Amino acid sequence: MSSPPVRFKIGLLDCLLVPARDVRRIASRDEAAAFLRGCDVPEDEIEGLIEGLADGSLVPVRLGREPALMDAPEIRPLVEPTRPTEDEQRSWVSIEVIHAAGLDTAGIEVELDPASGAEVFGRLGEGGRWRADGIARGSCRLSLLDHAVLRARPRIMGDVGSVSDQELWWEAGTTRNLELSTAAHHRIRIITPRVLHFSV
693 MSSPPVRFKI GLLDCLLVPA RDVRRIASRD EAAAFLRGCD VPEDEIEGLI EGLADGSLVP
753 VRLGREPALM DAPEIRPLVE PTRPTEDEQR SWVSIEVIHA AGLDTAGIEV ELDPASGAEV
813 FGRLGEGGRW RADGIARGSC RLSLLDHAVL RARPRIMGDV GSVSDQELWW EAGTTRNLEL
873 STAAHHRIRI ITPRVLHFSV
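Printed below as a string of structure tokens:
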């Protein structure tokens with residue numbers, strides 16, 4: 693039983709899907725001329741059609757019935773037009789923690805408390821970097837959890853290292869929270885306070 697031809701779109705192109713047995717192969721100009729004999733085709737187009745059928749650039753297709761249209765899927769909005777989409781509500785934040793003394797910060801555990809939603813926990817990776825995706829858009833609070841690199845160490849007074857305008861700072865040996873904006877990368881420098889160390 694022959695399947696009906698089906699019309700469908702690929703991008704902007706209208707296409708017709710037909711069974712192979714409904715496609716007629718024409719091998720020569722004589723066969724093409726015989727095929728077109730008696731067809732309701734304007735005289736000035738006959739020669740072009742014969743050429744196209746003979747060289748295979750045109751292929752006649754038998755249509756036993758009207759092509760069926762494929763049902764287009766019903767398009768419905770996933771959310772109400774007035775409500776922001778999930779992508780508009782969610783965001784990301786990334787941090788890079790460096791130590792003024794050049795100590796390795798990989799392995800420090802972090803806690804991120806978004807403006808709305810559950811806390812996110814993580815651990816700094818290579819180079820002291822970490823990123824959280826899918827968090828609530830807006831601002832969030834970051835805490836660095838206890839780690840040997842974060843503890844104050846006695847040292848002779850000296851330069852704690854400069855902190856640029858693009859950096860946040862975290863003083864070793866203290867506990868604090870940093871307010872961060874989402875959809876941004878933040879560089880945090882751990883500085884060691886000036887402590888006098890006397891040996892007895």
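Take the sequence shown: its position 164, counting from 1, is numbered 856 in the numbering used here, and each next residue is one higher.
Built from N, CA and C at the ideal position, the CB exists for glycine as well.
Values in this document were obtained by computation on a predicted structure and should not be read as measured data.
Count the other C-beta atoms from every protein chain shown that fall within 10 angstroms of the C-beta of residue 808, then say buried if there are 16 or more, exposed otherwise. exposed
By the three-class DSSP mapping on this structure, what secondary structure does residue 824 have? strand
Is it the case that the Cβ atoms of residue 698 and residue 705 are separated by a distance below 8 angstroms? no
For residue 701 and residue 712, the rounded distance between their alpha carbons: 20 angstroms
Buried or exposed: which applies to residue 832, given that a residue is buried once 16 or more other Cβ atoms fall within 10 Å of its Cβ? buried
When you compare the stretch 747–754 with the stretch 814–828, are there three or more beta-carbon pairs, one atom per stretch, that lie closer than 8 angstroms? no
Measuring CA to CA, which of 740, 734, 828, 841 is closest to residue 863? 841
From which residue to which residue does the alpha helix (DSSP H) around residue 744 run? 735–747
What is the C-beta distance between residue 792 and residue 881, in whole angstroms, given that I count them as a contact (C-beta under 8 angstroms)? 6 angstroms
According to DSSP, simplified to helix, strand and coil, what is residue 698? strand
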